[in-house]
Amino acid sequence: MEQTVEQKLKALYELQSLHTKIDKIRQIRGELPMEVSDLEDEVAGLETRIQKIKTELDETEDAIVNRKNMIKEAQTLIKKYDTQLKDVKNNREYDALTKEIEIQNLEIQVCEKKIREHGFEITSKTEIYEQANANLELRKGDLELKKKELETITSETGKEEDGLLKKAEKASTQIEDRLLNAYTRLRKNAVNGLAVVTIDRDSCSGCFNQIPPQRQLDIRQRKKVIVCEHCGRILVDELITQENAEN
Ligand SMILES: [Zn+2]
Numbered sequence: 308m309e310q311t312v313e314q315k316l317k318a319l320y321e322l323q324s325l326h327t328k329i330d331k332i333r334q335i336r337g338e339l340p341m342e343v344s345d346l347e348d349e350v351a352g353l354e355t356r357i358q359k360i361k362t363e364l365d366e367t368e369d370a371i372v373n374r375k376n377m378i379k380e381a382q383t384l385i386k387k388y389d390t391q392l393k394d395v396k397n398n399r400e401y402d403a404l405t406k407e408i409e410i411q412n413l414e415i416q417v418c419e420k421k422i423r424e425h426g427f428e429i430t431s432k433t434e435i436y437e438q439a440n441a442n443l444e445l446r447k448g449d450l451e452l453k454k455k456e457l458e459t460i461t462s463e464t465g466k467e468e469d470g471l472l473k474k475a476e477k478a479s480t481q482i483e484d485r486l487l488n489a490y491t492r493l494r495k496n497a498v499n500g501l502a503v504v505t506i507d508r509d510s511c512s513g514c515f516n517q518i519p520p521q522r523q524l525d526i527r528q529r530k531k532v533i534v535c536e537h538c539g540r541i542l543v544d545e546l547i548t549q550e551n552a553e554n
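Numbering of the sequence shown is given in the working numbering, commencing with residue 308 and proceeding in unit increments.
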């Protein structure tokens, strides 16, 4: 069965349309797994950060408890020295005890200062902790949505893709080997996967270079396979695209 050039062009355009649909499906699905894994990394990062802040908060709270205990110890010592002061035997003993009391009072002041500083630390860190937690909840929500989207798209487009692949396989059997090889080579080399393109506003819709009027006429005649002078893609006229869509 010898095909006319017009039939060949229609078959090529049909194959291109099927492949473009498959490309689009793969493109949509292709970005989602990456988005999901990016979000998973972000959630894990936030969880680690929150855990670190929590540990620091616990440590600061422990430090406050320690300082409070040190104050109690100092106060106990002061009480003891006060009692001893009541029956000192000489000036030397008196001076030694008052010196000890002075030291313990200084110790208490240092501890109180540290407790205040730790208090400020806890206030600002708690704020950061709460913000990080709120952020984590948001990101977790985003992640759940993306995961569901991916599941839906995978199950929906899987069937669609299989159907299109079967159609494309069948369509390619309608094209002679020489043309099919040229088509496959063009498609592989083109960034957008387009091997067959239309005339769009007097230009090649693959590379956007102008097509001379005579060449446009030749393309519309459908008497021979014409490729773009600039990008080498196979050119078809706009009407073929509509005729194919009606089939
Ligand atoms: Zn071109």
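Ideal Cβ placement from N, Cα and C applies to all residues, glycine included.
Computed from a prediction, not measured in an experiment: that's the story for all the values here.
- Taking the Cβ atoms as the reference, Glu309 lies roughly 18 angstroms from Ala478, outside the contact range of under 8 angstroms.
- In the structure shown, the three-state DSSP call for Thr505 is strand.
- Annotation for Thr367: His425, Glu428, Ile429 and Lys432 place their beta carbon closer than 8 angstroms to its own, counting only its chain and skipping 5 residues before and after.
- A distance filter of 7 angstroms between CB atoms and the heavy atoms of ligand 1 selects the following residues in sequence order: Val504, Cys511, Gly513, Cys514, Asn516, Cys535, His537, Cys538 and Arg540.
- The beta carbon of Leu501 lies closer than 6 angstroms to those of Gly513 in the same chain, with the five residues before and after it left out.
- Contact annotation: Leu404 and Leu392 have beta-carbon atoms nearer than 9 angstroms.
- Taking a C-beta distance under 9 angstroms as the contact criterion, Cys538 and Ala497 qualify as a contact pair.
- Boundaries for Ile541: no alpha helix (DSSP H) harbours it, while the beta strand (DSSP E) harbouring it runs Ile541 to Val543, taken from the DSSP string.
- Contact between Arg529 and Val312 is confirmed by a C-beta separation of about 6 angstroms, below the 8 angstroms threshold.
- Looking only at Leu487, Cys535 and Thr491, the smallest Cα-Cα distance to Asp509 is reached by Cys535.
- The beta carbons of Ala439 and Ile357 sit closer together than 9 angstroms.
- In the three-state reduction of the DSSP assignment, Val532 falls in the coil class.
- With 16 or more other CB atoms across the displayed protein chains lying within 10 angstroms of its CB, Leu346 is buried.
- Of Leu542, Leu472 and Ile335, the smallest CA-CA separation from Val503 is found for Leu542.
- Looking at the DSSP output, Ser510 sits in a beta bridge with Asp507 and Gln517.
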